[in-house]
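The sequence shown begins at 34 in the numbering used here and counts up one residue at a time.
Even glycine gets a Cβ: it sits at the ideal position worked out from N, Cα and C.
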Amino acid sequence: MEVRYSTHPDQAKHYTTEELRKAFLIESLFVAGEIKMVYTHEDRVVIGGAVPAKEPLYLETAGTLKTDYFLERREIGIINIGGRGSVIVDGEVYELNKKDGLYVGKGNKEVKFQSEDAEHPARFYFVSALAHQTYPTKKIDIKQAEPVHLGSLSESNERTIYKFIHADGVQSCQLMMGMTILEPNNMWNTMPAHLHDRRMEVYLYFDLEEDGRVFHFMGQPHETRHLVVRNEQAVISPGWSIHSGVGTKHYTFIWAMAGENYTFTDMEPVDMKDLR
């Protein structure tokens, strides 16, 4: 498990491109036959990817967590971005098609990932946050997730937000998670920008063509920076940072938040005139 430490905004504004990428960009999460994880000190969130091939993969604890099993003091949200697969939680099987999700609550001891077809494996993306209470494990079919339509074609940001884990849907302690799908010929997400100082956020960009890129904007409103992001790469966004992006081609992204406030709409909008 890789560990990323928190960064003060005054420090980040002096970073080189390589230093920004090392601190905030997760370049490789999905490796066949492996589970890869990054532990960030931003709200103690764990970000991971699991690609089971012929054999299932078990979600095991790490020395970083100092627990007997992974979900001893944690909850987790999982979304499949690959071929059909299953997540087995303490013996209960949950089948996930592409873009289906699963919430698993604190206290479940065994989590196992497996693919239906090793030639077209599932690609499980997951985000885990600390938890103080147990909530039921629930599958989230994207067809049943709450859609919110935002933006317009004239602003190049017409999109649909699917809320998977949130206060009015699948319950959790502090984790919120969902997916945003842009309509064809729309490239911008979350612009005008915003931030929420009471919780961090992590973005995973996927369904992006090989030669496509997303320019992810971050930093304080008056000190913006950007990261050039490829398909299936993730960005850690601290509470002090805006998080917005524009793609060279069509893409989808998964957002996940954890921190103090559990209200989805708790955010501070940033006026365009204040961006620098």
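Cutoff 7 Å; reference residue i; Cβ partners in own chain excluding five residues on either side
{"i": "S148", "result": "P85, A86, G116, G118, P154, A155"}
Proximal residues to residue i (C-beta, below 6 Å), its chain only, five neighbours per side dropped
{"i": "D76", "result": "M233, A291, G292"}
{"i": "Y38", "result": "H74"}
{"i": "E35", "result": "V71"}
{"i": "A83", "result": "I68, L90, F146, F157"}
{"i": "V122", "result": "V137, N141, V144, T170"}
{"i": "I310", "result": "Because residue 310 is not part of the residues shown, which for the chain are 34 to 309, the question remains open."}
{"i": "F197", "result": "G134, I173, A178, M210, G211"}
{"i": "L92", "result": "F103, V144"}
Inter-residue CB distance, residue i and residue j (contact presumed, cutoff 8 Å)
{"i": "G138", "j": "P169", "result": "6 Å"}
{"i": "T193", "j": "G245", "result": "Their Cβ separation, rounded to whole angstroms, is 20 Å, which puts T193 and G245 out of contact at 8 Å."}
{"i": "Y195", "j": "M212", "result": "5 Å"}
{"i": "H255", "j": "G278", "result": "Their Cβ separation, rounded to whole angstroms, is 19 Å, which puts H255 and G278 out of contact at 8 Å."}
{"i": "N222", "j": "F286", "result": "7 Å"}
{"i": "M251", "j": "L260", "result": "7 Å"}
{"i": "T257", "j": "L186", "result": "At roughly 25 Å, the Cβ-Cβ gap does not stay under 8 Å, so T257 and L186 are not in contact."}
{"i": "E108", "j": "S205", "result": "5 Å"}
heavy atom of the ligand SAH below 7 Å from residue i C-beta
{"i": "V279", "result": "This structure does not include the ligand SAH; it has no bound ligands of any sort."}
Local Cβ density within 10 Å of residue i, reported as buried at 16 or more and exposed below that
{"i": "P217", "result": "exposed"}
{"i": "E301", "result": "exposed"}
{"i": "V303", "result": "buried"}
{"i": "H199", "result": "buried"}
{"i": "E188", "result": "exposed"}
Beta bridge counterpart(s) of residue i as assigned by DSSP
{"i": "W273", "result": "The partner list for W273 (beta bridge, DSSP) is empty, contrary to what the question assumes."}
{"i": "I173", "result": "G134"}
{"i": "E60", "result": "Answer by DSSP bridge pairing: none, since E60 is not bridged."}
{"i": "H249", "result": "L260, G278"}
{"i": "I114", "result": "Answer by DSSP bridge pairing: none, since I114 is not bridged."}
Between the stretch 292-308 and the stretch 222-232, are three or more C-beta pairs nearer than 8 Å?
yes
Indicate whether the contact test is met: 3 or more Cβ pairs, each with one atom in the stretch 46-60 and one in the stretch 267-277, closer than 8 Å.
Contact between the stretch 46-60 and the stretch 267-277 is present, because at least three Cβ pairs lie under 8 Å.
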